[in-house]
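Enquirer: First the structure, which I've put down as structure tokens, then a few questions once you've had a look.
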Ligand code: F6R
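In the working numbering, the protein residues as written are 500 to 1086.
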């Protein structure tokens, strides 16, 4: 059922209220409808709505146990009938689901005659459990049997009127148990649990858990033996997962970036050195990632080539399989991911490991699937990233790769200096006056039909990332190009007043990128120059102090801010772009 949010509690003063606030924290995962079911007076009661969560309280009775869900539609449209929780025919069983049940068409045949309220794959599972309960009197065992029949990457949580516990099962999508004796909870992510507990257990694929206020029993689907899981302590604070006075998470996270980089410069040197050593040792190296993270990987490819003289390939998660012939026991797979739950990235790592390769990941969420799957993990320590559009995690990944590249060249201290320079440059960009100017530019260009972003070398991935940020939060068509490619076709699209962002840093790309920009200007395009010095051909100038190899970091920050203000100028909520979800846990 897509990339949804799950939140549940077993013993709260007011489960409906707590779940509603938990769901609000999870809305970034998917948000075209939501629903909650609680167990009140021995009966199940529910509330479901389409659209964003617009209410401040539920109309549910006070109750102790409940489950809630935010939905990002995959199977079936955005309707109340398709919103979760789903019920069985008796109304005694409620189920929430994240993922896609690949074999739902086969399973549907097994519940012929049952009354289905919507068209989702999820609802079929609720009815299958109902059917199973006719012979199997234990809910935990009934769910276990049904989940075994499902195919795909999923997470299910089931509540039943007649049983004093919840059942949670994971075959792919993330599920975290919030360990709070007397009041255990469940969620799709750690950040939403922080106000309740910092002790968590990450369910593994193939595990099923019985959760009551004072019971957490975990088994695998295939055995009745209890699995003793490690309780992990999360060191994020509840405040770090809040907007801290900023109007949006995106802006808050943009402003977090100087401290994220300072932290990396101070505490990641050792790990970056280790990464450099692993790269030096491996025969062929692939960085795999999706979306913004894949642009961080591409930036890394340029940085390793330029700084360390080392070929490190980057591949998009969903395309990695096509390199099969090159992945073996001497390969190194470096996975980059904020969430650590992106299915294409995870599958790439599994694929590489199956062929004997070593896997190191750069990941922000401790305990995430990618963290657990990898041989080694370098945590980004960027703090929770909640806006759908990734910002600080991108910078953190690039900064760590930059340090590793310098480490390979035995110049780690220089890498640290460059990151500190970039941090200072970013502080200048985040200054009030600079931001005011960016806001003005955004208002000027808010009606643009499309925008182009040009860069060469490491500024090429910066251009791709800038374009992605602008597209996803402002819905303006934006394309990033290697400046030299323009004349090979794209220039046909440039006409009068097409805004064109040009990254022209103080490196070997400067002259060539300026001449690429000239080609645009000659056709009526407007040039917004992002550079260490003004140039007469810039129609608008956004200064970014030279920070050596790390200039990509402040350059991207300029684009992040512009994207943010473009969204505001167009009356959009940058934190919740349409059609997008933070954690892409479906293929
Ligand atoms: C864009 C964005 C996405 C993610 C991508 C990978 O702003 O956030 O493109 O970068 O879905 O996500 P992670 O890094 O969690 O693997």
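The C-beta atom is built at its ideal place from N, Cα and C for all residues, glycine as well.
Is there at least one non-hydrogen atom of the ligand F6R closer than 6 Å to the beta-carbon of residue 792?
Expert: Yes.
Enquirer: Does the stretch 1061-1079 come into contact with the stretch 960-975, if we say contact requires no fewer than three beta-carbon pairs (one atom in each stretch) closer than 8 Å?
Expert: Yes, they touch.
Enquirer: Measuring alpha carbon to alpha carbon, tell me which of 1014, 690 and 1055 ends up nearest residue 1037.
Expert: Per the Cα distances, 1014.
Enquirer: Look up residue 768 in the DSSP assignment and give the residues it is bridged to.
Expert: Beta-bridge pairing links residue 768 to no other residue.
Enquirer: Measuring straight from C-alpha to C-alpha, what distance separates residue 628 and residue 755?
Expert: About 46 Å.
Enquirer: Please determine, among 925, 849, 968 and 809, the residue with the shortest C-alpha to C-alpha distance to residue 761.
Expert: Cα-wise, what sits closest to residue 761 is 925.
Enquirer: Kindly indicate the opening and closing residues of the alpha helix (DSSP H) around residue 1014.
Expert: Element bounds for residue 1014: 1009-1020.
Enquirer: Just curious, the beta strand (DSSP E) that residue 564 is in, first and last residue?
Expert: First-last of the beta strand (DSSP E) with residue 564: 564-570.
Enquirer: DSSP puts residue 913 in a beta bridge; with which residues?
Expert: According to DSSP, which records beta bridges pairwise, residue 913 is partnered with nothing at all.
Enquirer: Leaving aside the five residues before and after residue 725 along the sequence, list all residues of the same chain whose C-beta is less than 8 Å from its C-beta, in chain order.
Expert: Cβ within range, chain order: 716, 717 and 718.
Enquirer: For residue 675, which residues of its own chain have a beta-carbon under 8 Å away from its beta-carbon, when the five flanking residues on both sides are left out?
Expert: For residue 675, where only same-chain residues beyond five positions count, the Cβ hits under 8 Å are 685, 686, 687, 688, 689, 692, 699, 700, 701, 702 and 866.
Enquirer: Just to confirm the assignment: which complete beta strand (DSSP E) runs, minimum length 3, are found wholly within the stretch 822-868?
Expert: Listed in chain order, the complete beta strand (DSSP E) runs (minimum 3 residues) inside the stretch 822-868 are 830-836 and 857-862.
Enquirer: Taking contact to mean at least 3 C-beta pairs separated by less than 8 Å, is the stretch 926-937 in contact with the stretch 870-880?
Expert: Touching, no, given that fewer than three Cβ pairs across the two stretches are closer than 8 Å.
Enquirer: If you follow the beta strand (DSSP E) that residue 747 is part of, which residue opens it and which one closes it?
Expert: Where residue 747 is concerned, there is no enclosing beta strand (DSSP E), given that its DSSP letter is neither H nor E.
Enquirer: Can residue 789 be considered in contact with the ligand F6R, in the sense that its beta carbon sits closer than 6 Å to one or more heavy atoms?
Expert: Yes, the beta carbon of residue 789 sits closer than 6 Å to at least one heavy atom of the ligand F6R.
Enquirer: Along the chain, which unbroken stretches of the alpha helix (DSSP H) at least 4 residues long are found entirely within the stretch 556-621?
Expert: Complete alpha helix (DSSP H) runs here, min 4: 603-608.
Enquirer: Using the rule of at least 16 other Cβ atoms within 10 Å of the residue's Cβ for burial, across every protein chain shown, is residue 781 buried or exposed?
Expert: With 16 or more other Cβ atoms within 10 Å, it is buried.
Enquirer: Around the Cβ of residue 506, are there at least 16 other Cβ atoms within 10 angstroms (buried) or fewer (exposed)?
Expert: Classification of residue 506: buried, given that the 10 Å Cβ count is 16 or more.
Enquirer: So for residue 737, helix, strand or coil by DSSP?
Expert: It is coil, neither helix nor strand.
Enquirer: Please go through the stretch 778-810 and give each complete beta strand (DSSP E) segment of 3 or more residues, from N-terminal end onward.
Expert: 783-788, all fully within the stretch 778-810.
Enquirer: Might you give, ordered along the chain, the residues of its own chain that have their beta carbon closer than 8 Å to the beta carbon of residue 747, omitting 5 neighbours on each side?
Expert: So the qualifying residues of the chain are 886, 1063, 1072, 1073 and 1074.
Enquirer: Could you tell me which of 615, 660, 563 and 612 sits nearest to residue 682, measuring between CA atoms?
Expert: The candidate whose alpha carbon is nearest that of residue 682 is 563.
Enquirer: Verify the contact flag: residue 837, CB atom, against every heavy atom of the ligand F6R, threshold strictly below 6 Å.
Expert: Indeed, a heavy atom of the ligand F6R lies less than 6 Å from the Cβ.
Enquirer: For the alpha helix (DSSP H) holding residue 1066, just list the boundary residues, first then last.
Expert: Its alpha helix (DSSP H) spans residues 1051-1068.
Enquirer: Contact between the stretch 545-560 and the stretch 594-613: three or more CB pairs below 8 Å?
Expert: No contact exists between the stretch 545-560 and the stretch 594-613.
Enquirer: Leaving out five residues on either side along the sequence, give the residues of the same chain with a beta carbon under 7 Å from the beta carbon of residue 514.
Expert: These residues qualify, in order along the chain: 508, 537, 562, 563, 564 and 565.
Enquirer: Let me check you understand the geometry: is the CB of residue 888 closer than 6 Å to at least one non-hydrogen atom of the ligand F6R?
Expert: Yes, the ligand F6R has a heavy atom inside 6 Å of this Cβ.
Enquirer: Leaving out five residues on either side along the sequence, give the residues of the same chain with a beta carbon under 7 Å from the beta carbon of residue 788.
Expert: Hits under 7 Å: 795, 796, 816, 834, 835, 836 and 844.
Enquirer: Is residue 841 near the ligand F6R, judged by its Cβ being under 6 Å from some heavy atom?
Expert: It does: the Cβ of residue 841 is within 6 Å (strictly closer) of some heavy atom of the ligand F6R.
Enquirer: Count Cβ pairs between the stretch 620-635 and the stretch 517-532 that sit closer than 8 Å; are there 3 or more?
Expert: Counting Cβ pairs under 8 Å, fewer than three are found: no touch.
Enquirer: Whose C-alpha, out of 624, 594 and 541, is nearest the C-alpha of residue 602?
Expert: The shortest C-alpha separation from residue 602 is found at 624.
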